[in-house]
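Reviewing the structure listed below.
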Amino acid sequence: MEPMKGGHTDNMYYQLVSNIRKYKGMDAPQTASAPKTISIDGTFSEWTSVTPIFKDAQGDTKNRNHNSYDPTIKLINTTGRNDVIESRTTIDASNVYFYIKTAANITPYTNPNWMMIYINSDATKATGWEGFDYVLNM
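Okay, so the sequence shown: first residue is 8 according to the working numbering, each after it adds one.
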């Protein structure tokens with residue numbers, strides 16, 4: 008079940024994940040914590056009460072260089088850089104705050120697609136691009 012250019016992309020994988028979750032179940036989503044003002048001062052203790060916590064598997068940004076099912080095609084991807092392992096967000100009356108924890112130091116900004124945050128502000132996929140209404144750092 009590998010993605011294919013010009014075809015099913017990763018739909019088969021997402022169907023697999025969806026069906027496993029239906030069969031095995033999954034934890035209930037965390038509720039969002041109350042709005043909170045965060046001091047941007049390098050101290051992260053203020054974030055301990057912010058939920059939900061979004062976690063990502065560590066190590067999924069490694070470079071890939073593998074054969075495809077078709078021996079004439081080599082699958083190569085060397086774009087992985089910031090291995091995000093946890094993120095959180097909160098708001099106050101006039102700001103939105105993002106906490107993004109990475110496995111190692113964040114790489115230097117070297118291209119315009121370095122790190123973008125997509126926001127679906129109206130919770131519907133019918134608006135924006137793929138449901139996202141805003142993109143930060145574009």
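For glycine and all other residues, C-beta sits at the position ideal for the given N, C-alpha and C.
**OP:** Within the same chain, show all residues whose beta-carbon is closer than 7 Å to that of R71, passing over the 5 residues directly before and after it, in chain order.
**Re:** Sequence index remark: in the sequence shown, residue 71 carries index 64 (1-based). Contacts found: L82, I83 and N84.
Subject >> Span separating the alpha-carbon of A100 from that of A130 >> reply: Start at 1 with the first residue of the sequence shown, and residue 100 comes out as number 93. Start at 1 with the first residue of the sequence shown, and residue 130 comes out as number 123. If I take the Cα positions, the gap works out to 20 Å.
Original post:
Do you know whose CA, among G13, T134, T109 and R28, lies nearest T68's CA?
Top reply: Start at 1 with the first residue of the sequence shown, and residue 68 comes out as number 61. The residue with the shortest Cα to Cα distance from T68 is T109.
Subject >> CA-to-CA distance, N74 to A35, given in whole angstroms >> reply: Reading the sequence shown from its first residue, position 28 is the one you call residue 35. Reading the sequence shown from its first residue, position 67 is the one you call residue 74. If I take the Cα positions, the gap works out to 38 Å.
Original post:
Excluding the five sequence neighbours on either side, which residues of its own chain have a C-beta within less than 7 Å of the C-beta of G138, listed in chain order?
Top reply: Here residue 138 is taken as the residue at index 131 of the sequence shown, counted from 1. Contacts found: N127, T131 and K132.
Subject >> Nonlocal neighbours in the same chain, by C-beta distance under 6 Å from G135, ignoring five residues either side >> reply: Position 128 of the sequence shown, counting from 1, holds the residue named residue 135. Closer than 6 Å at Cβ, skipping near neighbours: no residue.
Subject >> For E93, three-class secondary structure by DSSP >> reply: On the sequence shown, position 86 is the one that residue 93 refers to. Correct three-state label for E93: strand.
**OP:** Compare the Cα-Cα distances from Y116 to each of T50, A64 and M145 and report the closest residue.
**Re:** The residue you call residue 116 lines up with position 109 of the sequence shown. Out of T50, A64 and M145, M145 has the C-alpha closest to the C-alpha of Y116.
Original post:
Under three-state DSSP, which class holds T131?
Top reply: Against the sequence shown, residue 131 aligns to sequence position 124. Looking at T131 - three-state DSSP - the assignment turns out to be coil, as it is neither helix nor strand.
**OP:** Check whether the Cβ atoms of T38 and T58 sit closer than 8 Å, and answer yes or no.
**Re:** Translated into the one-based positions of the sequence shown, residue 38 becomes position 31. Translated into the one-based positions of the sequence shown, residue 58 becomes position 51. Taking 8 Å as the Cβ cut-off, T38 and T58 qualify as a contacting pair.
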